[in-house]
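Q: The sequence shown begins at -14 in this note's numbering and counts up by one.
Before I ask anything, here is the structure I am working with.
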Amino acid sequence: MNKFLTTAFLLMTFYSVSAQEKRVLTLDEAVKLGIENSKSLKIDQAKIEESTANLLEAKNRQLPELKVSGSYLYLPMKPNIDLKIPGLSGAAGPEVSQVLFGSANLSVPIYAGGKIKYGIQSAQYLMEAARLSSENDKNAIAYNISQAYNNLFKANEVVKLLKENLASSQKRDQSFIKLENNGVIARNDRLKAQLQTSNIELQLIEAQNNYSIVNINMDLLLGLPDNTVIEVDSNYIGEDDLGKPDDYYLNLARENRKDIQALDYQRKAAALGTKAAKAENLPSLALTGGYVAADIPKFLTITNAVNFGVGISYNLSNIWKKNSSLMQSKAREQELAATNDLLNDNITLEVKRDYQNDLYAHKKIDVYQRALEQAEENYRITLNKYNNGLETITNLLDADTAKITANVNVVTSKADAALAHKKLLQTTGIINQ
-14 MNKFLTTAFL
-4 LMTFYSVSAQ
6 EKRVLTLDEA
16 VKLGIENSKS
26 LKIDQAKIEE
36 STANLLEAKN
46 RQLPELKVSG
56 SYLYLPMKPN
66 IDLKIPGLSG
76 AAGPEVSQVL
86 FGSANLSVPI
96 YAGGKIKYGI
106 QSAQYLMEAA
116 RLSSENDKNA
126 IAYNISQAYN
136 NLFKANEVVK
146 LLKENLASSQ
156 KRDQSFIKLE
166 NNGVIARNDR
176 LKAQLQTSNI
186 ELQLIEAQNN
196 YSIVNINMDL
206 LLGLPDNTVI
216 EVDSNYIGED
226 DLGKPDDYYL
236 NLARENRKDI
246 QALDYQRKAA
256 ALGTKAAKAE
266 NLPSLALTGG
276 YVAADIPKFL
286 TITNAVNFGV
296 GISYNLSNIW
306 KKNSSLMQSK
316 AREQELAATN
326 DLLNDNITLE
336 VKRDYQNDLY
346 AHKKIDVYQR
356 ALEQAEENYR
366 ITLNKYNNGL
376 ETITNLLDAD
386 TAKITANVNV
396 VTSKADAALA
406 HKKLLQTTGI
416 INQ
């Protein structure tokens, strides 16, 4: 029965692992996949399509308007018809029971105070602003994916380090058991070593749990099935060029940040909105033309009633009414100007802050690297002393713990430095370049 249960458990474990799809992804591939499947960018695409439709609507206003209408009326009761035509006045009217009427009207705008032209240009600017806002969101998504990828990398590296240390600790336990059996060490020393092994095992379980959660988060970000096991590229950690001053990155940000460019187009659109609002006080001029036909059986028939001319429209109430649209548009311009100043201040702060964080992260690597060398040397010396009976098991285990911690710190500091540089690139607007 025990053999059967063991076999069944192994089979279930095998099928469970087999059901998980494994996929190796580089950071660039992950960013590309995340952008393709981003739900936020799908919303942005809908906004771009909406602004494109608004542009089409603005262009349609400069095209001729042609309207055709027709009516058929049935008169159930005989109407009273009194013709005022000389010679026919007082005569008995015809029996009218139905009326047919049709018309076609054409209007071609000639002048509308510039409202049509300003409307088209404003719609073009807003469409471009929507596109640039989408590009800015792509930069933010690229960084979010880089951050998730970095967390996955760190979790995976910590798991690997703890597995290696657990194997070494378990091997040491076996040696200590033999030494205890031979009376070389006390039972208490062997128990302390096994307690160290248990602590490493607990750390490994926690690290594996963290890895699973981070992996699921990565799957959702990339639009993959949540049982996909992502294997990160071992070449993720690389050298970052920070040989240039922060002003270099600040200039890059001013040239490449899509939110600055989008706001610039919004300000242009608002300026045109002010011009369009002023044009509301001007008259509108259009060419007009039409055709009318009517048929009242036994009474009247009209055909070939073609007309054309020029129409003018002017709202006289604008003389005493305040132009609220103009006031709103000017307020919008002031709001966007203040937003632009605030955005530039924030970008300056963000670039300089992220530049300093990048420098700080790379300096930490050097410190942790030295700490690792010191921890390894300390462990080597302590182990030699312990083997010669000059050091306690407690100090040996403490030295081993310090070495494990130093290894983890080196790996995580390198990953954090890579992410800090990605953050700087995102702040400057060139993370996708």
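By construction, the Cβ of each residue, glycine as well, lies at the ideal position given by its N, Cα and C atoms.
Bridge partners for N90 per DSSP, in chain order?
A: For the purposes of this step, residue 90 is identified with residue 105 of the sequence shown, where counting begins at 1. Bridge partners of N90: K52, G275.
Q: Identify which residue in L176, L180, R172, Y134 has its Cα closest to the Cα of V217.
A: What you label residue 217 is simply residue 232 of the sequence shown in a count that begins at 1. Minimum Cα-Cα distance from V217 among the listed residues L176, L180, R172, Y134 corresponds to Y134.
Q: Which whole-angstrom value is the C-beta distance of N417 and A127, which I expect to be below 8 Å?
A: In the sequence shown, residue 417 corresponds to position 432, counting from 1. In the sequence shown, residue 127 corresponds to position 142, counting from 1. For a cut-off of 8 Å, the C-beta gap from N417 to A127 is around 5 Å, short enough to register as a contact.
Q: So for Q319, helix, strand or coil by DSSP?
A: Translated into positions along the sequence shown, residue 319 becomes position 334. The answer is helix: DSSP assigns Q319 an H, G or I state.
Q: Enumerate in chain order the residues of its own chain whose CB-to-CB distance from P282 is below 8 Å, with the five nearest sequence positions on each side excluded.
A: Locating residue 282 in the sequence shown gives position 297, where the first residue counts as 1. Contacts found: V81, S82, Q83.
Q: Kindly identify the DSSP beta-bridge partner or partners of Y96.
A: Sequence index remark: in the sequence shown, residue 96 carries index 111 (1-based). The partner list for Y96 (beta bridge, DSSP) reads L270.
Q: Could you pull the start and end residues of the beta strand (DSSP E) that R8 belongs to?
A: In the sequence shown, residue 8 corresponds to position 23, counting from 1. 7 to 10 is the extent of the beta strand (DSSP E) around R8.
Q: According to DSSP, is D326 part of a helix, a strand, or is it coil?
A: Position 341 of the sequence shown holds residue 326. In the structure shown, D326 sits in a helix (DSSP, three-state: H, G or I).
Q: Taking Cβ to Cβ, would you say A115 is nearer than 8 Å to S25?
A: By 1-based counting over the sequence shown, the position of residue 115 is 130. By 1-based counting over the sequence shown, the position of residue 25 is 40. Contact flag unset, no.
Q: Use the C-beta contact count for K156: other C-beta atoms within 10 angstroms, 16 or more gives buried, fewer gives exposed.
A: As a working mapping, residue 156 is identified with position 171 in the sequence shown. Exposed, because fewer than 16 other Cβ atoms sit within 10 Å of the Cβ of K156.
Q: Just to confirm the assignment: which complete alpha helix (DSSP H) runs, minimum length 4, are found wholly within the stretch 172 to 241?
A: Listed in chain order, the complete alpha helix (DSSP H) runs (minimum 4 residues) inside the stretch 172 to 241 are 172 to 207, 231 to 241.
Q: Thinking C-alpha only, which one of Q179, L51, V16, Y57 is nearest G87?
A: By one-based count along the sequence shown, residue 87 stands at place 102. The residue with the shortest Cα to Cα distance from G87 is Y57.
Q: What does the alpha-carbon distance come out to for the pair G296 and K44?
A: One-based indexing of the sequence shown puts residue 296 at position 311. One-based indexing of the sequence shown puts residue 44 at position 59. Straight-line Cα distance between these residues: approximately 21 Å.
Q: What does the Cβ neighbour count give for K52, buried or exposed, with the cut at 16 atoms within 10 Å?
A: Position 67 of the sequence shown holds residue 52. Classification for K52: exposed.
Q: Since D330 and K408 should fall inside the 8 Å C-beta cutoff, what is the C-beta to C-beta distance between them, to a whole number of angstroms?
A: Stepping through the sequence shown from its first residue, residue 330 is reached at position 345. Stepping through the sequence shown from its first residue, residue 408 is reached at position 423. Not quite, the Cβ-Cβ distance comes to about 19 Å (not below 8 Å), so this is no contact.
Q: Between I130 and the rest of its own chain, which residues show a CB-CB distance below 7 Å, the 5 nearest in sequence each way excluded?
A: As a position in the sequence shown, residue 130 is number 145, starting the count at 1. Contacts found: A15, V16, G19, L206.
Q: Tell me the DSSP secondary structure of Q159 in three-state form.
A: Here residue 159 refers to the residue found at position 174 of the sequence shown. In this structure, Q159 counts as helix in the three-state DSSP scheme.
Q: Below 8 Å between beta carbons: does that hold for P268 and S298?
A: As a working mapping, residue 268 is identified with position 283 in the sequence shown. As a working mapping, residue 298 is identified with position 313 in the sequence shown. In this structure, S298 lies closer than 8 Å to P268 by Cβ.
Q: Quick check on this structure: which residue in I101, A125, N136 has the alpha carbon closest to the alpha carbon of I215?
A: In the sequence shown, the residue the question calls residue 215 occupies position 230. Comparing Cα positions, the closest option is N136.
Q: Between A264 and G99, which are expected to be in contact by the criterion C-beta below 8 Å, what is the C-beta distance as a whole number of angstroms?
A: Residue numbering aside, residue 264 sits at position 279 when the sequence shown is read from its first letter. Residue numbering aside, residue 99 sits at position 114 when the sequence shown is read from its first letter. Contact flag correct, Cβ pair sits at about 5 Å.
Q: If distances are taken between C-alpha atoms only, which option among A247, L12, N300 comes closest to L109?
A: On the sequence shown, residue 109 is found 124 positions in, with the first residue counted as 1. For the sequence presented, residue 109 should be read as Gln rather than Leu. Ranked by Cα distance from Q109, the first of A247, L12, N300 is A247.
Q: From A290, S197, K148, N194, pick the residue whose C-alpha is nearest to that of I185; which is it?
A: In the sequence shown, the residue the question calls residue 185 occupies position 200. Comparing Cα positions, the closest option is K148.
Q: What span of residues does the beta strand (DSSP E) with S25 cover, start to end?
A: Residue numbering aside, residue 25 sits at position 40 when the sequence shown is read from its first letter. Run containing S25: none in the beta strand (DSSP E); it sits in the alpha helix (DSSP H), 24 to 45.
Q: How about A271 and S92: do their beta carbons lie closer than 8 Å?
A: Residue 271 sits at position 286 when you count from the first residue of the sequence shown. Residue 92 sits at position 107 when you count from the first residue of the sequence shown. Contact flag set, yes.
Q: Which value, in whole angstroms, describes the spacing of the CA atoms of L164 and I378?
A: Position 179 of the sequence shown, counted from the start, is the residue given in the question as residue 164. Position 393 of the sequence shown, counted from the start, is the residue given in the question as residue 378. If you take the alpha carbons of L164 and I378, they lie about 13 Å apart.
Q: Report the residue from L357, L368, H347, S119 whose alpha carbon sits nearest the alpha carbon of L404.
A: Taking the sequence shown and counting its residues from 1, the one referred to as residue 404 is at position 419. Cα-wise, what sits closest to L404 is H347.
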